[in-house]
Amino acid sequence: MNILIINSGSSSIKYQLLEMPSAQVICLGMIERIGSKEAILTFKSQDYKIERICEIPNHKAGLERITDLLLDNEKGVLKSTDDIEAIGHRVVHGGSTYTKTTLINEEVKNKIKTLSPLAPLHNPANLEGILMAEELFDTAKQFVVFDTAFHGTIPVKAKKYAIPNELYNNKGIQAYGFHGTSHKYVSEKANAFLDKKNTKLISIHLGNGCSITAIKDGKSIDHSMGFAPSNGLVMGTRSGDIDHTIIFYMVNTLGYSLGEVNELLNKESGMLGLTGFNDLRDIESEARKGNASCILALEMNAYRIKKYIGAYIAAMNGVDAIIFTAGIGENSSLMRQLVCKDMDYFNIHLDDAENDLKSSTFREVNSIDSKVKILVIPTNEELEIAKQVFDLLS
Ligand code: ADP
């Protein structure tokens with residue numbers, strides 16, 4: 002069965018075509034910088050690797066380009082769009098309504114729209130991807146996998162805010178949790194590796210968005226993001242934890258509008274606000290040259306992660322393994338080193354040589370005497386989504 006996975010972001014579309022249940026990747030790629038004259042389109046199959054710079058004004062045009070490549074006489078991998086049996090869409094916010102992979106219908110689409118104010122960077126783009134895919138692949142069954150779903154197991158004491166009950170009971174104000182597909186995927190890999198019945202894991206997803214999850218016996222029990230994907234760790238452009246009175250101060254005293262504060266906290270803060278760069282590779286390279294803002298930003302970032310690790314060890318009364326995943330977690334030996342430094346009280350010890358090895362596979366980077374395993378696990382949200390869609394159809 003051919004399953005196409007679509008992850009439609011605010012200015013990007015990532016896609017992957019998989020044959021299930023073999024999990025063979027038929028082709029994959031992405032479009033970055035949608036809306037610009039210099040959008041980057043990539044496509045990789047067994048026989049071809051394509052990278053094109055071209056004008057892609059919107060998501061519809063983007064998905065049409067991807068479809069053209071999939072069907073291309075020479076380089077394509079499909080004869081007709083009918084060869085795709087199902088499409089799995091990643092959607093960031095499913096509220097408390099959707100805790101499982103769901104077949105898309107009008108009600109689901111309306112709910113994704115209703116939840117857009119809670120994930121303004123993501124849900125509108127996710128919905129756009131669904132609408133376009135329905136047009137272009139009209140015979141395929143369309144499913145949605147919500148990033149919030151894995152966190153449906155977080156107990157009330159951890160997900161409820163200490164504000165009047167009415168807001169939790171009737172208005173849906175609570176912590177939801179995000180990056181669930183990734184945390185689920187890597188924690189299952191870690192559990193298979195640990196091969197014991199009861200496990201306590203801390204999963205750290207560090208990409209453009211960053212989050213950390215406490216996972217006990219395979220279930221998410223606490224998570225750093227909250228009502229929207231903006232709380233918690235320092236991210237590429239998002240501030241993470243911030244005292245909410247700062248927002249009132251900025252509006253009432255400094256003269257910002259609420260919209261401007263929202264924009265500033267979501268798109269101009271985090272590593273970008275601290276350094277002028279949001280790509281960690283640039284920040285690391287500047288730090289090596291002695292750029293003081295970059296050095297401090299890296300320290301702040303790692304310090305925030307450390308505090309969450311401490312909190313989750315307390316929440317679970319222990320930890321068997323810490324997992325690093327996503328672009329930064331998998332590739333930045335420096336970030337892993339800063340996070341794991343001076344954690345001997347918890348018996349967390351990194352092996353510097355293992356940590357420095359470049360690899361794109363599952364690996365253990367703790368030293369032999371470390372009681373806590375430190376695992377680098379490449380995430381694969383697309384495969385996880387494909388598995389969930391396949392399970393529903395078979
Ligand atoms: P997204 O949330 O968009 O899926 P990714 O998981 O692809 O993000 O992660 C993007 C981040 O990973 C960027 O900040 C990028 O700088 C960082 N990254 C990728 N490769 C490396 C590397 N070799 N060293 C340090 N950071 C890296």
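Under our numbering, think of the first position of the sequence shown as 2, with each following residue one higher.
Positions of the beta carbon are idealized from the N, C-alpha and C atoms, including for glycine.
* If you drop the 5 nearest sequence neighbours on each side, which residues of the same chain put their C-beta closer than 7 Å to that of lysine 114? -> Leu128
* State buried or exposed for tyrosine 250, treating a residue as buried only when at least 16 other CB atoms are found within 10 Å of its CB. => exposed
* Pairing CB atoms from the stretch 190-207 with CB atoms from the stretch 136-148, are three or more of them under 8 Å? -> Contact between the stretch 190-207 and the stretch 136-148 is absent, with fewer than three C-beta pairs closer than 8 Å.
* Asked: Taking Cβ to Cβ, would you say alanine 176 is nearer than 8 Å to glycine 227?
  -> Yes; because the gap between Cβ atoms is below 8 Å, this pair is in contact.
* To do: Would you kindly report the start and end of the unbroken beta strand (DSSP E) that includes glutamine 17?
  => 14-20
* **Segment limits, alpha helix (DSSP H) that includes isoleucine 296** => 293-317
* Asked: How about glycine 274: is its Cβ closer than 7 Å to a heavy atom in the ligand ADP?
  -> no
* Could you name the residues of the same chain whose beta carbon sits closer than 7 Å to that of histidine 350, not counting the 5 residues immediately before and after it, in chain order? => Asn367, Ser368, Asp370, Ser371
* isoleucine 35 vs asparagine 59 beta-carbon contact at 8 Å -> yes
* Asked: Which whole-angstrom value describes the C-beta separation of alanine 87 and alanine 24, a residue pair presumed to lie in contact below a C-beta threshold of 8 Å?
  -> Contact annotation, alanine 87 with alanine 24: C-beta distance approximately 14 Å; criterion of less than 8 Å not satisfied.
* Asked: When the Cα atoms are used, what is the spatial distance from tyrosine 313 to serine 12?
  -> 34 Å
* Between which two residues does the beta strand (DSSP E) carrying glutamate 52 extend? -> 50-55
* **leucine 339 Cβ short of 7 Å to the ligand ADP heavy atom set** => no
* Under 8 Å between C-beta atoms of tyrosine 439 and glutamate 382 -> Any property of residue 439 remains undetermined from this structure, which presents the chain solely from 2 to 395.
* Taking one C-beta from the stretch 205-223 and one from the stretch 242-249 each time, how about it: are there three or more such pairs within less than 8 Å? -> no
* Asked: With respect to the alpha helix (DSSP H) encompassing histidine 184, which residues constitute its N-terminal and C-terminal limits?
  -> That run of the alpha helix (DSSP H) goes 181-195.
* Closest residue to isoleucine 32 among Phe44, Ile378, Thr380 (Cα-Cα distance) -> If we check each option's Cα against that of isoleucine 32, Phe44 comes out closest.
* Asked: Where does glutamate 75 sit, in a helix, a strand or coil, going by DSSP?
  -> Coil at glutamate 75, not helix or strand.
* To do: Taking only the alpha-carbon atoms, compute the straight-line gap between asparagine 232 and isoleucine 378 and give it to the nearest angstrom.
  => 23 Å
* Asked: Should alanine 327 be counted as a contact of the ligand MN given a C-beta to heavy atom distance under 7 Å?
  -> The ligand MN is absent from the structure shown, which contains only the ligand ADP.
* To do: Verify the contact flag: serine 333, CB atom, against every heavy atom of the ligand ADP, threshold strictly below 7 Å.
  => yes
* Count the other CB atoms within 10 Å of the CB of arginine 239; is the residue buried (16 or more) or exposed (fewer)? -> buried
* Asked: For glutamate 285, which three-state DSSP category applies?
  -> helix
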